[in-house]
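Enquirer: Can you keep this structure in mind? I'll have questions shortly.
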Amino acid sequence: MTNDFDFVAIGDITTDAFIKLKKENARVLCDANGHKCEICMSFGDKIPYESVTDVYAVGNSPNAAVAAHRLGLRSALVTNLGDDPRGMRKISQLEKEGVATDFVKVHKGKESNYHFVLWYEEERTILVKHHAYPYEMPDIGSPAWIYLSSLGESSLPFHHEIAAYLSARPETKLVFQPGTFQMKLGYEALKDMYALSELFFCNVQEAQKILGNTNTDMPTLAKGIHALGPKIAVITDGPKGAYTHDGKETWYMPMYPDPAPPINRTGAGDAFASTFTAMRALGKTVPEALTYAPVNSMSVVQKVGAQAGLLSLPEIEAWLAKAPANYAPKHM
């Protein structure tokens, strides 16, 4: 029954092809702090690579749906794909992960999305192509939470359909984690989504882009995003931690320490956002949700792909039981 879902994610689905580059075959430019910023390769070169690994049924929203299910929520995915072998493989993978496929629409004669991930050490650059599908809002009942993330360039009218659907169901809470093209559309085009958001997730660079400034003060950025409409704004800053602001309180949370050097950072942000959301759905406070979310991010970067490292609730709690003393939310 559609009304039974705790968590319905909406967004594009893809296959990620992880192309592992050899360290000696690319040049990396770093910033003043030594952080990797750009990967450079010369035109005309034939560049050897170590391996290619296909990871099926991924993307911001599919990743969130899988995370929510592993954390104990009844989850489903609203998405579009083609009737090609890759599309069928994605449906099988979702079913294997326990994510309901009631709202997965298969388009005859269409290709399914396929992205290339240039994987260099723990970092990556992703070459994306979102095929144009006719987006339509299905009847998903009245789930407790809708999680909206990455959609293609032709999806603007679909956002307004979602907004109308939510406006008619005030009991359903919206989570908005904008993807590449939603960031490109800008705030004005999607201000109804901002206004309806219970939770909003982005990283520091995305917050600066949304707000049109280069401010690096995280509490100020969180307050700026909150002022656009979301009830709770959450901004991540990679290994430096995350901040939330709800109009009254600001919290800071450090990242959970890595047990080993990260293998690949793909999906870390999705793991954080979906785990924070799931904890709120399970009745946790904001500081408690902040404590759980980084553990899943830590685990995800220890694996290839965005889903292999996603944890169950008992597994997260086992990591929390051995967390260092300074791993705690701080009221700002």
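Read in order, the letters of the sequence shown correspond to residues 41 to 372 in our numbering.
No residue lacks a Cβ here, since even glycine has one placed at the ideal position from N, Cα and C.
1. Alpha carbons only, please: which of SER101, ASN153 and LEU188 is nearest the one belonging to GLY122?
2. Under three-state DSSP, which class holds MET41?
3. Taking 7 Å as the cut-off, does the CB of TYR283 come closer than this to any heavy atom belonging to the ligand ADP?
4. For a test of the three-state rule: what should DSSP assign to THR306, helix, strand or coil?
5. Which residue comes first and which comes last in the alpha helix (DSSP H) that contains PHE143?
6. CB-CB under 8 Å to PRO299, same chain, minus the five flanking residues each way: which ones, in chain order?
7. Under a three-way DSSP split, which group does MET81 fall into?
8. Could you give the residue range of the alpha helix (DSSP H) that holds LEU236?
9. Assuming HIS171 contacts LYS150 under a Cβ cut-off of 8 Å, what Cβ separation, rounded to an integer in Å, is found between them?
10. What are the boundary residues of the beta strand (DSSP E) that includes GLU201?
11. What does a CB cutoff of less than 8 Å around MET41 pick up in its chain, not counting 5 residues either side in sequence?
12. DSSP on ARG373, reduced to helix/strand/coil?
13. Helix, strand or coil for ASN336, going by three-state DSSP, please let me know.
Expert: The structure says:
1. Within the sequence shown, the letter at position 82 stands for residue 122. Comparing Cα-Cα distances from GLY122 to each of SER101, ASN153 and LEU188, the minimum goes to ASN153.
2. As a first step, residue 41 must be located in the sequence shown, where it is residue number 1. Because MET41 carries a pLDDT of 45, less than 50, the predicted location of this residue cannot be relied on, and no value is offered for it.
3. Of ligands this structure carries none, so the ligand ADP is not represented either.
4. The residue labelled residue 306 in the question sits at position 266 within the sequence shown. Coil.
5. The residue you call residue 143 lines up with position 103 of the sequence shown. Note, PHE143: premise wrong, no alpha helix (DSSP H); not H, not E.
6. Within the sequence shown, residue 299 is the residue found at index 259, counting from 1. MET338 and GLN342, listed in sequence order.
7. As a position in the sequence shown, residue 81 is number 41, starting the count at 1. Three-state result, MET81: coil.
8. Start at 1 with the first residue of the sequence shown, and residue 236 comes out as number 196. Where LEU236 is concerned, the enclosing alpha helix (DSSP H) stretches over 231-236.
9. Within the sequence shown, the letter at position 131 stands for residue 171. Within the sequence shown, the letter at position 110 stands for residue 150. Rounded, the Cβ-Cβ distance is 6 Å, consistent with contact.
10. The count along the sequence shown starts at 1 and reaches residue 201 at position 161. Note, GLU201: premise wrong, no beta strand (DSSP E); alpha helix (DSSP H) at 196-207.
11. Numbered from its first residue, the sequence shown carries residue 41 at position 1. The predicted model places MET41 with a pLDDT of 45, which falls under 50 and marks its position as unreliable; any figure quoted below should be read in that light. The answer, listed in chain order, is GLY181.
12. Summary: the structure shown does not reach residue 373, with the chain confined to residues 41 through 372, and so no result is reported for it.
13. The residue you call residue 336 lines up with position 296 of the sequence shown. It is helical.
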